[in-house]
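*Asks:*
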Amino acid sequence: MSGHSDIYPNRYIHMCGIIGYTGTKKTVPILLEGLRALEYRGYDSAGIAVAEEGGLDIAKAKGRIDNLEEKIKSTDKVWDGTCGIGHTRWATHGAPSDLNSHPHRAPSLALVHNGIIENYAELAEMLKKEGYTFVSETDTEVAAKLIDYYFVKLGNPVKAIFEAADIIRGSYAFGIIFDSIPDTIFAIRKDSPLIVSANEEGGFIASDVPAILAHASTYYQLDEGVVAIVKKGSIKFFDRQGDEVEQKRLTIDWNVEQAQKGGFPHFMIKEINEEPEAIRKTVATRLGDDGLPHFGVRELDGGLLPKFKNIHIVACGTAMHAGLIGKNIIEKLARVAVNVDIASEFRYRDPILDKDDLVILLSQSGETADTLAALRHAKSKGVYTLSIVNVIGSSVAREADSVLYTWAGPEISVASTKAYSVQCALLYLFAIQMARVKGLMDDEEAKRLCKILSEDTGRAVTEMIAKDDEINEAARRYLSAEHLFFIGRGIDSALCTEASLKLKEISYIHSEAYAAGELKHGTISLIEEGTPVVAVMTVDSLAEKVISGIREVKSRGAIVLVFAKKSIAEKYNIPADKIIEIPDIEEMFETFPAATAVQLFAYHVAAGRGCDVDKPRNLAKSVTVE
226 MSGHSDIYPN
236 RYIHMCGIIG
246 YTGTKKTVPI
256 LLEGLRALEY
266 RGYDSAGIAV
276 AEEGGLDIAK
286 AKGRIDNLEE
296 KIKSTDKVWD
306 GTCGIGHTRW
316 ATHGAPSDLN
326 SHPHRAPSLA
336 LVHNGIIENY
346 AELAEMLKKE
356 GYTFVSETDT
366 EVAAKLIDYY
376 FVKLGNPVKA
386 IFEAADIIRG
396 SYAFGIIFDS
406 IPDTIFAIRK
416 DSPLIVSANE
426 EGGFIASDVP
436 AILAHASTYY
446 QLDEGVVAIV
456 KKGSIKFFDR
466 QGDEVEQKRL
476 TIDWNVEQAQ
486 KGGFPHFMIK
496 EINEEPEAIR
506 KTVATRLGDD
516 GLPHFGVREL
526 DGGLLPKFKN
536 IHIVACGTAM
546 HAGLIGKNII
556 EKLARVAVNV
566 DIASEFRYRD
576 PILDKDDLVI
586 LLSQSGETAD
596 TLAALRHAKS
606 KGVYTLSIVN
616 VIGSSVAREA
626 DSVLYTWAGP
636 EISVASTKAY
646 SVQCALLYLF
656 AIQMARVKGL
666 MDDEEAKRLC
676 KILSEDTGRA
686 VTEMIAKDDE
696 INEAARRYLS
706 AEHLFFIGRG
716 IDSALCTEAS
726 LKLKEISYIH
736 SEAYAAGELK
746 HGTISLIEEG
756 TPVVAVMTVD
766 SLAEKVISGI
776 REVKSRGAIV
786 LVFAKKSIAE
796 KYNIPADKII
806 EIPDIEEMFE
816 TFPAATAVQL
826 FAYHVAAGRG
836 CDVDKPRNLA
846 KSVTVE
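Residue numbers (the working numbering): 226 to 851.
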């Protein structure tokens with residue numbers, strides 16, 4: 226796996242999936258189970274290495290996990306080993322192929338890798354002079370043979386790993402099995418996630434929690450610069466000096482059922498259906514007995530909030546679109562200027578950051594490279610940082626000055642849905658709290674808004690989900706579309722950016738979002754007979770202006786689907802081919818059921834086109850490759 230980041234040259238996060246098991250059970254079924262749980266991280270190829278009596282047996286296959294399983298079955302090997310490592314690949318360096326698949330072999334070991342080795346060419350030349358040859362196109366093979374070189378030289382696996390780590394530039398999470406130590410897995414990480422766990426069943430390494438949900442209730446988020454030695458039921462951690470060190474044990478609050486489809490045809494539709502409870506839980510955990518926000522962070526429960534003069538929300542993709550929603554509501558309630566930045570561009574524009582500013586980082590995984598680099602840039606300027614993250618113990622969560630966790634549970638589909646909704650919910654709660662501590666909102670109004678957010682919002686989303694069949698029927702008209710436009714005004718314009726992304730990433734239909742008022746400034750030239758347009762209307766004061774935009778595109782032959790707040794749909798004669806009503810709640814919160822509506826629309830278009838909804842082509846769950 227490989228790719229690269231930006232101004233922080235050695236800060237990379239990529240999506241490949243690593244799983245390892247050592248214990249008393251046959252490892253192949255556990256590895257395959259773990260790889261299936263991690264397939265959202267990459268599905269270009271997969272492979273395993275298993276310690277058997279005669280050495281390490283390896284099987285690798287291009288494509289999905291099913292291909293690997295067939296390859297394993299087709300061999301004449303026994304596959305009885307109880308220690309092994311596995312990998313599912315998202316290819317960015319070297320084409321998807323059996324040869325480029327992990328694990329990669331060296332004379333004394335097999336290795337799996339998530340990340341990139343930036344100086345692999347330089348290291349390869351060094352190793353060639355030592356007699357090593359290379360058979361793949363990957364940087365990972367260099368890592369395997371570099372560790373082998375030091376292991377032969379030093380005779381100590383931990384020292385060999387550290388020696389190699391010292392001269393590798395880039396990012397990595399390594400899982401390693403040595404031929405001579407067939408019951409043990411070694412692991413180390415830098416700027417790529419890796420967790421380890423051990424219990425009476427055995428020891429595990431994995432890129433993410435879903436891979437070990439069926440086997441473990443606790444885990445360790447491996448610190449950088451620490452080698453984990455994982456044996457049957459035990460883990461020891463060592464630093465560069467050879468001293469044993471402690472790691473913080475974390476509890477897994479997800480269960481297997483949450484990470485499975487539960488009768489739904491795709492994870493995406495399952496996760497959309499989980500939005501009401503995810504919103505309720507995320508908000509409820511941040512409300513005190515008095516019904517007011519209580520974040521459990523001194524700086525946010527009073528402290529610094531009145532002092533922040535500017536806020537910068539920094540994120541990528543869907544999380545950035547949640548930031549646009551947050552900008553609208555924070556500026557509306559708290560009257561503080563908010564900038565929203567794409568994380569990969571944040572450092573490049575040399576943002577003006579003041580000690581009285583706040584930088585909010587949004588990330589589902591908490592491991593997105595560009596977001597992490599933006600966080601580090603902000604901290605280097607002495608700016609207070611707050612992360613809003615779903616994954617406990619993730620890098621963005623750990624490195625920010627404060628963290629607010631969302632309670633979305635596992636989100637397996639590559640296309641984010643419930644994570645977006647709960648990010649928006651926490652930004653709403655933040656806006657209410659900031660307005661309150663600044664004296665712009667009294668406690669009674671704050672309580673009222675919090676109650677709507679924690680109760681009415683979920684009910685409205687549930688009502689929207691109940692219109693799934695109607696949305697599905699409407700979506701069928703767009704299955705053959707090549708282009709589609711989303712339009713809205715105000716906060717609906719912000720939502721349209723997310724609606725457009727959802728559609729394009731899972732259906733492969735070219736889609737764009739425009740503020741409806743901008744149509745006449747150029748975009749209208751793209752509208753012709755039969756062009757599909759979707760309008761979102763939740764803001765009463767802007768309804769007539771959006772209708773004006775709809776008339777503009779209808780006059781040029783557009784096919785128009787409208788998602789409109791029920792009261793707006795009843796009040797106005799909207800010139801649309803189809804109108805789907807959004808349940809009425811207080812206007813400020815209408816964006817939540819509206820978001821669910823456009824998510825369902827995108828889902829049904831993609832499913833109707835026969836697309837792989839949960840695993841769209843060329844994408845992985847949390848990737849930044851510049």
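The C-beta atom is built at its ideal place from N, Cα and C for all residues, glycine as well.
Contact between the stretch 568-575 and the stretch 546-556: three or more CB pairs below 8 Å?
*Replies:* Because the criterion of three Cβ pairs below 8 Å is not met, the stretch 568-575 and the stretch 546-556 do not touch.
*Asks:* Going by DSSP in three states, L611 sits in which element: helix, strand or coil?
*Replies:* strand
*Asks:* Provide the residue span of the alpha helix (DSSP H) that contains C721, from first to last.
*Replies:* I716 to S732
*Asks:* T682 to I810, Cα distance in whole Å?
*Replies:* 7 Å
*Asks:* Beta-carbon within less than 7 Å of N424's beta-carbon, same chain only, minus the 5 sequence neighbours each way: which residues are those?
*Replies:* A441 and G458
*Asks:* Can you tell me where the alpha helix (DSSP H) holding S773 begins and where it ends?
*Replies:* A768 to K779
*Asks:* Quick check on the burial criterion: 16 or more other C-beta atoms within 10 angstroms. Buried or exposed for D581?
*Replies:* exposed
*Asks:* Is it right to say Q824 is buried, meaning 16 or more other beta carbons lie within 10 angstroms of its own, or is it exposed?
*Replies:* buried
*Asks:* Which one or two residues does DSSP pair with S605 in a beta bridge?
*Replies:* DSSP, once it has assigned bridges, lists no residue as partnering S605.
*Asks:* Helix, strand or coil, according to DSSP, for M762 in the structure here?
*Replies:* When DSSP states are grouped into helix, strand and coil, M762 belongs to the strand group.
*Asks:* To the nearest angstrom, how far is it from the Cα of S780 to the Cα of S569?
*Replies:* Answer to the nearest angstrom: the Cα atoms are 39 Å apart.
*Asks:* How should Q466 be labelled, buried or exposed, when 16 other C-beta atoms within 10 angstroms of its C-beta is the threshold for buried?
*Replies:* exposed
*Asks:* With three or more beta-carbon pairs closer than 8 Å as the criterion, would you say the stretch 658-668 touches the stretch 636-646?
*Replies:* no
*Asks:* So for N381, helix, strand or coil by DSSP?
*Replies:* coil
*Asks:* My output table needs one value for E812: the three-state DSSP class, helix, strand or coil.
*Replies:* helix
*Asks:* Distance, Cα to Cα, E222 vs S679?
*Replies:* Nothing can be reported for residue 222, as the shown portion of the chain is limited to 226 through 851.
*Asks:* Of the residues I392, I430 and I454, which one's Cα is nearest the Cα of T443?
*Replies:* I430
*Asks:* Would you kindly check if the distance between the Cβ of L767 and the Cβ of G618 is under 7 Å?
*Replies:* Result no, Cβ atoms of G618 and L767 do not sit closer than 7 Å.
*Asks:* Comparing C-alpha positions only, which one of G272, D291, V367 and F376 sits nearest to Y345?
*Replies:* V367
*Asks:* For D595, does the count of other Cβ atoms within 10 angstroms reach 16, so buried, or fall short, so exposed?
*Replies:* buried
*Asks:* Work out the CA separation of R414 and D464 for me, nearest whole Å.
*Replies:* Looking at the two C-alpha atoms, the distance is approximately 12 Å.
*Asks:* Would you check if there are 3 or more beta carbon pairs closer than 8 Å linking the stretch 690-701 to the stretch 823-839?
*Replies:* yes
*Asks:* Taking all protein chains shown into account, decide if S620 is buried (16 or more other Cβ within 10 angstroms of its Cβ) or exposed.
*Replies:* Classification for S620: buried.
*Asks:* Can you give the beta carbon distance from G713 to C721, rounded, assuming they're within the 8 Å contact cut?
*Replies:* 5 Å
*Asks:* If the criterion is Cβ atoms closer than 7 Å, does the pair G248 and T307 meet it?
*Replies:* yes
*Asks:* Quick check on E314: does DSSP put it in helix, strand or coil?
*Replies:* Note on residue identity: the sequence assigns Arg, not Glu, to residue 314. Strand at R314.
*Asks:* Return the first residue and the last residue of the alpha helix (DSSP H) that H546 is part of.
*Replies:* G542 to A559
*Asks:* Please report how far the alpha carbon of K302 lies from the alpha carbon of D373, in whole angstroms.
*Replies:* 25 Å
*Asks:* According to DSSP, E806 sits in a beta bridge with which residue or residues?
*Replies:* A789
*Asks:* Excluding the five sequence neighbours on either side, which residues of its own chain have a C-beta within less than 6 Å of the C-beta of F710, listed in chain order?
*Replies:* E737 and V758
*Asks:* To the nearest angstrom, how far is it from the Cα of Y398 to the Cα of D408?
*Replies:* It is Ala, not Tyr, that sits at residue 398 in the sequence shown. If you take the alpha carbons of A398 and D408, they lie about 20 Å apart.
*Asks:* Buried or exposed for K353, please, with buried defined as at least 16 other CB atoms from any protein chain shown within 10 angstroms of its CB.
*Replies:* exposed
*Asks:* In whole angstroms, what separates the C-alpha of V275 from that of I255?
*Replies:* Their Cα atoms are separated by approximately 11 Å.
*Asks:* Between which two residues does the beta strand (DSSP E) carrying S459 extend?
*Replies:* S459 to F463
*Asks:* Could you spell out the range, first to last residue, of the alpha helix (DSSP H) harbouring K354?
*Replies:* Where K354 is concerned, the enclosing alpha helix (DSSP H) starts and stops at Y345 to K354.
*Asks:* Please name the residue, chosen from E556, F520, T748 and I393, that lies closest to N535 on a Cα-to-Cα basis.
*Replies:* E556
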